[in-house]
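Enquirer:
The following block contains the structure:
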């Protein structure tokens, strides 16, 4: 049996973490790693103590037909990236990598062209994370240098979505 490469190994972990998610639309998992050590994990879910969309049986954004990447202030959930960042010490995150995997709830398929939303991008930048690996399918992924998000600031153009 061939040994799994490290990037896909950490993306596999993010995929497993996503299974704890409670969103009715998309399940994301995030894993923050530095020096080959997992620092923290996060998945999509309502803040502690609040009811999840899966408990309520309704997604407000879905009900309002809001496109992905827009109007996250209406969402009940804390995103996977944010939950992973909240659970880690900033000092340990400086220079780290974040691994992100997401699946569509309805089909179980990997989310096409997924990326962190603008709010999560800002948190990733401030956390000191250096690189984000985003899963496209079981073998393939994209590598994003966080410095690129600083240099190519979509908020200046008023772009929405991802």
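Residue numbers (the numbering used here): 39 to 200. For every residue, glycine included, the Cβ atom is placed at its ideal position computed from N, Cα and C. The structure displayed is predicted, hence computed values, not measured ones.
Are the beta-carbon atoms of residue 80 and residue 134 separated by less than 8 Å?
Expert: Against a cut-off of 8 Å, the Cβ pair of residue 134 and residue 80 comes out as no contact.
Enquirer: Can you tell which of 127, 75, 86, 128 has the C-alpha that lies nearest to the C-alpha of residue 117?
Expert: Of the listed residues, the one whose Cα sits closest to residue 117 is 86.
Enquirer: Per the contact definition of three or more C-beta pairs closer than 8 Å, is the stretch 145-157 in contact with the stretch 72-79?
Expert: Counting Cβ pairs under 8 Å, fewer than three are found: no touch.
Enquirer: Is it buried or exposed for residue 109, if we count other Cβ within 10 angstroms and need 16 for buried?
Expert: By the neighbour-count rule (16 or more Cβ atoms within 10 Å), residue 109 is not buried but exposed.
Enquirer: Hey, does residue 177 have any beta-carbon neighbour from chain D nearer than 8 Å?
Expert: Annotation note: the requested chain D is absent from the structure, which comprises a single protein chain.
Enquirer: So the alpha helix (DSSP H) residue 160 belongs to, where does it begin and stop?
Expert: Where residue 160 is concerned, the enclosing alpha helix (DSSP H) stretches over 156-165.
Enquirer: Would you call the stretch 135-145 in contact with the stretch 54-63, where contact means no fewer than 3 C-beta pairs closer than 8 Å?
Expert: Result yes; three or more Cβ-Cβ pairs closer than 8 Å.
Enquirer: Rounded to whole angstroms, what is the Cα-Cα separation between residue 182 and residue 98?
Expert: Approximately 30 Å, taken between the alpha carbons.
Enquirer: Report yes if the C-beta of residue 166 is less than 7 Å from at least one heavy atom of the ligand GDP; otherwise report no.
Expert: Among the components modelled here there is no ligand, and therefore nothing to report on the ligand GDP.
Enquirer: Would you kindly work out how many angstroms separate the C-alpha atoms of residue 157 and residue 42, rounded to a whole number?
Expert: Straight-line Cα distance between these residues: approximately 32 Å.
Enquirer: What is the rounded straight-line gap between the Cα of residue 70 and the Cα of residue 190?
Expert: Cα to Cα, the separation comes out at about 23 Å.
Enquirer: List, from N- to C-terminal side, the beta strand (DSSP E) runs of 3 residues or more that fit wholly inside the stretch 52-123.
Expert: Runs found: 64-72, 75-81.
Enquirer: Pick from 185, 128, 73: whose alpha carbon is nearest that of residue 44?
Expert: Cα-wise, what sits closest to residue 44 is 73.
Enquirer: For the beta strand (DSSP E) that residue 142 lies in, which residues bound it at each end?
Expert: Residues 135-142.
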